[in-house]
Structure formats: structure tokens, C-alpha cells
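Reviewing the structure listed below.
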Amino acid sequence: MAREEGTSAPRAPQGPGLYGERVFRPQDEGEAERIDLGALAYDATTLARLTQLGAGPGTRCLDVGAGTGTVARALLREAGVAEVVAVDRDIRFLTAEPVPGLTPLEADATSPDFAPGLFDLVHARFVLMHLPHPARMAARLSALLAPGGILVLSDAVDLTTENAPPTPYTTAMRAMWRGLRETIGTDVSWVPGCPRLLADAGLEEVAAEIHVPPLLPGSPISRFWAGTWDRARIAMVGTGLVDDAGIDEAQRRLESPAYAGLSPGMLTAWGRRPAAPP
Ligand SMILES: C[S@@+](CC[C@H](N)C(=O)[O-])C[C@H]1O[C@@H](n2cnc3c(N)ncnc32)[C@H](O)[C@@H]1O
1 MAREEGTSAP RAPQGPGLYG ERVFRPQDEG EAERIDLGAL AYDATTLARL
51 TQLGAGPGTR CLDVGAGTGT VARALLREAG VAEVVAVDRD IRFLTAEPVP
101 GLTPLEADAT SPDFAPGLFD LVHARFVLMH LPHPARMAAR LSALLAPGGI
151 LVLSDAVDLT TENAPPTPYT TAMRAMWRGL RETIGTDVSW VPGCPRLLAD
201 AGLEEVAAEI HVPPLLPGSP ISRFWAGTWD RARIAMVGTG LVDDAGIDEA
251 QRRLESPAYA GLSPGMLTAW GRRPAAPP
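Using the UniProt record's numbering, you'd call the opening residue of the sequence shown number 1 and step up by one each time.
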């Protein structure tokens with residue numbers, strides 16, 4: 001297995017399609033509900049940022065790795081956007097509930113042939129962290145912007161695990177990141193540097209923000225992590241950092257009324273393609 005410079009964890013052999021095949025398979029019962037729990041925790045923040053950046057009537061939008069389509073649907077319903085092209089390697093959740101203006105497109109965003117056109121807004125949330133070559137992906141998604149268009153990338157940052165004392169929660173979370181990295185290549189180490197990737201791709205007005213939800217018992221984000229650990233259980237146990245009983249205990253703690261903690265957060269970075277010269 002490849003080992004990247006500056007990291008101790010091996011990284012899975014890289015290639016498109018590992019997400020959704022070895023872990024997080026869309027055909028597994030409850031996968032749409034798991035994605036929706038994550039979306040419930042972050043959609044309001046995402047939509048506020050996208051509208052602040054100008055998404056509205058007349059904006060041509062591309063949502064890459066759209067999942068169940070909660071962001072695409074909110075752009076249509078709440079921001080007044082007329083059409084969103086929602087791309088995913090597997091569009092079963094997008095076609096399950098069609099709405100006017102939502103155009104599902106089954107495609108692999110890492111493919112050299114991926115050329116869906118030019119858009120005023122290109123958005124990808126919790127997608128690049130699962131793909132190889134984030135810098136290359138940022139550049140390729142930037143190339144899908146019409147002049148003056150904006151690229152918005154959101155991925156996970158975990159501020160409360162790495163240097164924290166071992167608890168059932170931090171042990172499970174550490175095992176999850178390591179296990180996902182070793183099985184499907186998930187890597188969040190580059191995420192704090194995402195604004196630099198956008199600047200290097202030639203975008204302007206680059207900026208970023210972080211939203212970190214609290215882990216309140218019974219909250220969508222706590223249920224999201226408990227469900228994610230169930231799905232990633234084999235990969236987590238395979239790291240040797242945690243066993244099944246340890247994951248069960250971490251899940252019980254998350255549900256406990258006494259639990260107080262901070263979830264991994266979402267770093268959103270954006271940048272604008274320079275407008276065409278007059
Ligand atoms: C963690 S989910 C995020 C879903 C959605 N963006 C959200 O935030 O709710 C990642 C999504 O990216 C899709 N995906 C993964 N690799 C992809 C690829 N190479 N091309 C297109 N979509 C991909 C997956 O099928 C999945 O729906």
C-alpha cells in the first residue's frame with residue numbers, strides 16, 4: 001500500500017470508484033438515510049453560503065457527488081435556481097424523487113471524459129476527501145466554471161480527535177479515519193489547505209469558513225456518526241485501533257444524555273473564475 005510523505009497511515013491504492021464499493025455502498029439498506037442525516041446537519045450552512053455567493057434565479061448549477069440531492073433540491077426550492085445538474089456515480093437516490101429542474105447525471109467526476117458543460121456555480125460537498133488527487137480535482141472542477149462562476153468545495157476537518165486524550169469516541173473516530181484511508185483512500189489531511197488549491201487553480205476572491213456542529217444526544221450528526229461507524233466497522237476493526245466492543249461503547253456514549261462533544265466539522269472553501277475581459 002502506498003504511504004504518503006509526512007503520514008504514518010498507509011493509503012489505499014487510489015482509483016476511481018472505491019467509495020461506494022468497499023464501504024458506503026448505495027445499495028445497502030439505510031444508506032440514503034445515513035447521507036440524509038449528515039445533510040441535515042450541514043444543509044443550512046451550505047445553503048446560506050451558496051446564496052450569499054449569489055446562487056439564485058438564473059444561476060446554472062452543477063452539484064458533484066450529489067448523493068441524495070438535498071443541496072440540489074434546496075437550491076431549486078429555496079434559492080430559486082431554475083436548474084441543477086446533479087452528478088453522481090450512482091444516481092438511484094436522485095432519480096427516486098424527481099423534481100422539476102433537477103437533472104441527474106450518472107458520471108464519474110474523476111474521468112478525463114467528464115465534461116458536463118460550463119456552470120455559474122460548481123459545488124462538491126464531502127466528495128473530494130474520498131477521491132484521489134484533490135488538487136487535480138479542484139483544477140478540473142474550476143475548469144467547469146463559466147467566466148465569473150464560483151467553485152465551492154466542502155470537506156471534513158476533524159479538530160477534536162487527533163490530539164485529544166483517548167476516550168471511546170476519539171478512539172473510534174481515529175480508527176474510522178485510519179480505516180477509511182486504508183480501504184477507500186479517504187484523506188482529510190489536505191482539507192485545511194483547500195483555499196490554496198483554489199488559488200493555484202487560478203481562482204480569485206478565495207476564502208473559507210468552518211462549521212463544527214455539537215454532538216448532542218439524538219442529533220442528526222450524532223446519529224450520522226453512529227451509522228457511519230456501523231458501515232465502516234470492518235475497516236475500523238481492521239486497523240487494530242479498536243474492536244467491536246469499543247465501537248459499541250462509543251455509540252452508547254454518543255447516545256448518552258451526559259455526552260458533550262464536537263463533531264468533525266465542514267470546511268467550505270470557495271473561489272471565483274475571473275470574468276471574461278470586456
Ligand atoms: C459522502 S457522499 C456526499 C453526498 C452529498 N454531496 C452530501 O453532502 O450530502 C459522497 C457522494 O459522492 C459520490 N461519489 C463518490 N465518488 C464519485 C465520483 N468519482 N464521481 C461522482 N460521484 C462520486 C458518492 O456516490 C456519494 O453520493
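Where a beta carbon is used, it is the ideal one built from N, C-alpha and C, also for glycine.
DSSP lists Val152 and Ala207 as the bridge partner or partners of tryptophan 270.
Any heavy atom of ligand 1 counts here; residues with a Cβ closer than 6 Å to one of them, in chain order, are Pro16, Tyr19, Gly20, Ile35, Gly38, Ala39, Gly65, Ala66, Gly67, Thr70, Val87, Asp88, Arg89, Asp90, Asp108, Ala109, Thr110, Arg125, Phe126, Val127, His130 and Leu131. Assignment of glutamate 33 by DSSP, reduced to helix, strand and coil, places it in the helix class. Here DSSP, grouped into helix, strand and coil, assigns aspartate 90 to coil. Ranking Gly54, Gln52 and Gly67 by CA distance to the CA of arginine 25 puts Gly67 first.
Within its own chain, the residues whose Cβ lies closer than 6 Å to the Cβ of methionine 173, once the five positions on either side in sequence are excluded, are Thr161, listed in chain order. Classified as exposed, threonine 95 has fewer than 16 neighbouring CB atoms from the shown chains inside 10 Å of its CB. Shown here for alanine 139: same chain residues with a beta carbon closer than 6 Å to its own, the five before and five after excluded, namely Ala201 in chain order.
Under the DSSP assignment, phenylalanine 224 falls outside any beta strand (DSSP E), being part of the alpha helix (DSSP H) whose first and last residues are 220-231. Between the C-alpha atoms of valine 84 and glutamate 21 there is a straight-line separation of about 26 Å. The straight-line gap separating the alpha-carbon atoms of alanine 207 and valine 191 is approximately 13 Å.
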